[in-house]
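Written out below as C-alpha cells is the structure these notes cover.
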C-alpha cells in the first residue's frame, strides 16, 4: 500500500495519506520525548518544571489539531456556499465571515467561554462548555472563516470552462463541484490552508485567558513563580518553534504529494 | 549533545544582562519629585480601577505615604503576574498590590514591613465546600502567580486547580458554576459575598499571610523611607482612620 509510482506522483491514495498521518503522529511523539529530555536538563526555573511545559505543549497541539480539523470543515462549507449562485445560500456564509474576521480572536474566546453559556441557557439550552471545548469552538470558527476565503479563492481559480464542460457532459451541479472543481481547487488551496493552521497553532496561546493550561499559560505560571521571564519566555518560544517546524515538515510533504505536475 | 550547554550559557548570559540595570535610589526619587508606584487595579477593595480612577485601600495608603514623603505619585497598573517582574526591570519604584510575603518572593524582591494582615479564604456557592478537607476532589479557581495558587495546590486531594489571569475572572468562573470554589483574599471574599447577596458564602481560612510593599532587591534606601513613612502613618492614627473607613476595623498585623 505504500508505493506511489516513481515517475509521476499521483493523487494521494488512502494508503499514502495514512502513512503520512502515522509519520506525523510518530514525529510529534518523538518531539515531545526530546523536549522532555532537553528541558529536564535545564537549570532552575525550567528543569524542575519541564513536565509542565511538555503538558502545555501537548495541549497546544491538541487544540490545534481538533480546532484545525473542525475549522477545515467549517471553511469548506462556508467557502462553497460563498461561490453559490443563490443569494440565500451566500448570505449566511458572508455574514459568518464578516462577523468572525471583523472581531478579535481574544474577544471570541472570551465570548464563547463567558457569554455563550448564559445566552444558550436563556433559550433553554443547558450546555456547560469546559475550557477546552470553549477554546476549540472559538478557534475553529475563527480559522474556519479564514479557510472559507481561501477555499472560495481556490474554487474561483478553476477556469469557468471546466464547469461549463462538465455541465454540458450532463453532470449535475453537485457532481461538477465534487468530481471536477473541488479536486483541482483543493490542490491550489493547500499552501494557504497550511498557513492558516500554523497561524492557528500560535493563536491557540490566547486560550490561556480562559485558564486552559496550554503552553503560554504554563510559561506564565512558571514566570510568575520564579520571576525570571527571560529563560521562561525563551523556552516557550522555542517549544512553539519546534512544534511549528515539525508541523511544516509534514505539510511540506503533503504539498509535494498533491502538487499537479504543471510547474 | 553540544546544544544544551550552549543554550544554558546563552540563557545565563541573557539573565545577567537583564539584571544589571540600576534601581532608582531614594536620592534619585527625591530629586525627581515623583515616585512611580505600580499596582494591579483589579483587586477590590485594595486596589481597583473604577473607570479611569484608581481607588482602594492600598492606593489611598500609598498616596498618603507619598504625601508624607513630599512626593508626587505616578500610578502604573499591570497584570498581577507581571508586577514583580517589572519591578526587577525598573519600570517603577515600588509595588503595592497585596503581595503576601513568601520566601520565594523574598528571593526576588525586598519587602517593606507588612501593611496589613489577611488570609486566603474559600468562597463557594451555598452547599459547596467550606473547609480545606471538603476541597477534596473539587475544582478550585485561583489567580495565576498568587500565594493562593501555591496554598491550594498544597491541600491534600484537591481536584483541578484552574488559574485565571485576573481574580475577577476566577470569580466569574465560580459564579458561572465552572468551578466548585474560589480561593482568594479574605477581605475581597467578604466584599464579593456581600455584593452577590446570598448567591455565595465564605468558608474557612486556608492560611494566614502578611502583606507587604515590594521594592527592587537591594534598594535599601527606598525601603527605609517607606518603612519610616508606614510606621509614622500607623502611629499618628491616619492608618487606623483609613483602615476603618474601608473595613470597619484596623487590619494591621497584630
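Protein chains in written order, with the UniProt record's numbering: chain A, 1 to 263; chain B, 1 to 254. By construction, the Cβ of each residue, glycine as well, lies at the ideal position given by its N, Cα and C atoms.
Fewer than three pairs of CB atoms, one per stretch, sit closer than 8 Å, so the segment 161–172 of chain A makes no contact with the segment 133–144 of chain A.
Neighbours of residue 86 (chain A) across chain B, judged by C-beta separation under 8 Å, do not exist; the nearest C-beta is about 40 Å away. Rounded to whole angstroms, the separation of the alpha carbons of residue 146 (chain B) and residue 53 (chain A) is 19 Å. Put simply, the CB of residue 123 (chain A) is far from chain B, with every gap to its CB atoms at 9 Å or more. Using a Cβ-Cβ cut-off of 9 Å, residue 49 (chain A) does not count as an interface residue toward chain B, since no Cβ of chain B sits closer than that to its own. The closest CA to that of residue 163 (chain B), considering only B:111, B:99, B:142, is found on B:142. Using a 10 angstroms sphere on the CB of residue 53 (chain B), the tally of other CB atoms stays under 16, which defines it as exposed. In the three-state reduction of the DSSP assignment, residue 164 (chain A) falls in the helix class, which pools H, G and I. Using a Cβ-Cβ cut-off of 9 Å, residue 105 (chain B) counts as an interface residue toward chain A, since at least one Cβ of chain A sits closer than that to its own. The three-state reading of DSSP puts residue 98 (chain B) in strand, counting E and B together. Around the beta-carbon of residue 153 (chain B), fewer than 16 other beta-carbon atoms lie within 10 Å, marking it exposed.
Listed in chain order, the non-local C-beta contacts of residue 28 (chain A) below 7 Å within the same chain comprise 61, 246, local neighbours out to five positions each way being set aside. Between residue 25 (chain B) and residue 222 (chain B), the gap from beta carbon to beta carbon is short of 9 Å.
By the C-beta criterion, the segment 117–125 of chain B is judged not to be in contact with the segment 62–81 of chain B, since fewer than 3 inter-stretch pairs fall below 8 Å. Listed by position along chain B, the residues whose Cβ is nearer than 7 Å to that of residue 135 (chain A) form an empty set, because the closest Cβ is around 13 Å away. 162, 163, 164, 165, 169: these are the residues of the segment 153–169 of chain B whose beta carbon lies less than 9 Å from some beta carbon of chain A, given in chain order. Looking at the DSSP output, residue 116 (chain B) sits in a beta bridge with B:211. Taking CB atoms only, residue 237 (chain A) has no neighbour in chain B less than 9 Å away. Where residue 228 (chain B) is concerned, the enclosing alpha helix (DSSP H) starts and stops at 220–235.
A contact is defined here as three or more CB-CB pairs under 8 Å, and the segment 55–70 of chain A meets this definition with respect to the segment 25–42 of chain A. Membership of residue 37 (chain B) in the beta strand (DSSP E) is indicated by the continuous run 34–39.
The Cβ neighbour count for residue 223 (chain A), taken over all protein chains shown within 10 Å, is at least 16; the residue is labelled buried. In its chain, beyond the 5 residues on either side, 176 have a beta carbon closer than 7 Å to the beta carbon of residue 167 (chain A). In this model, residue 94 (chain A) and residue 147 (chain A) are separated by some 13 Å (Cα to Cα). When C-beta distances to chain B are compared with 8 Å, the residues of the segment 104–116 of chain A below that value are 114, in chain order.
According to the DSSP assignment, residue 109 (chain B) belongs to the beta strand (DSSP E) that extends over 109–111. In this model, residue 101 (chain A) and residue 63 (chain A) are separated by some 20 Å (Cα to Cα). Pairwise C-beta distances place the segment 188–195 of chain A out of contact with the segment 114–121 of chain A, as fewer than three of them are shorter than 8 Å. Take residue 248 (chain A), set aside five residues on each side of it, and the residues of its chain with a beta-carbon closer than 8 Å to its own are 194, 198, in chain order. The count of Cβ pairs closer than 8 Å, one atom from the segment 168–175 of chain B and one from the segment 208–219 of chain B, stays below three, leaving the stretches out of contact. The alpha helix (DSSP H) runs lying completely inside the segment 95–183 of chain A and spanning 4 residues or more are 105–110, 116–122, 131–156, 160–168, 173–176, given in chain order. For residue 48 (chain B), the enclosing beta strand (DSSP E) starts and ends at 47–50. When DSSP reads this structure, residue 53 (chain B) sits in a beta bridge with B:50. For the segment 223–236 of chain A, residues whose beta-carbon sits nearer than 9 Å to a beta-carbon of chain B comprise 223, 224, 225, 226, 227, 228, 229, 230, 231, 234, 235.
Within the segment 172–185 of chain B, those residues whose Cβ lies closer than 8 Å to any Cβ of chain A are, in chain order, 172, 173, 176, 177, 178.
DSSP, read as helix, strand or coil, puts residue 122 (chain B) in strand.
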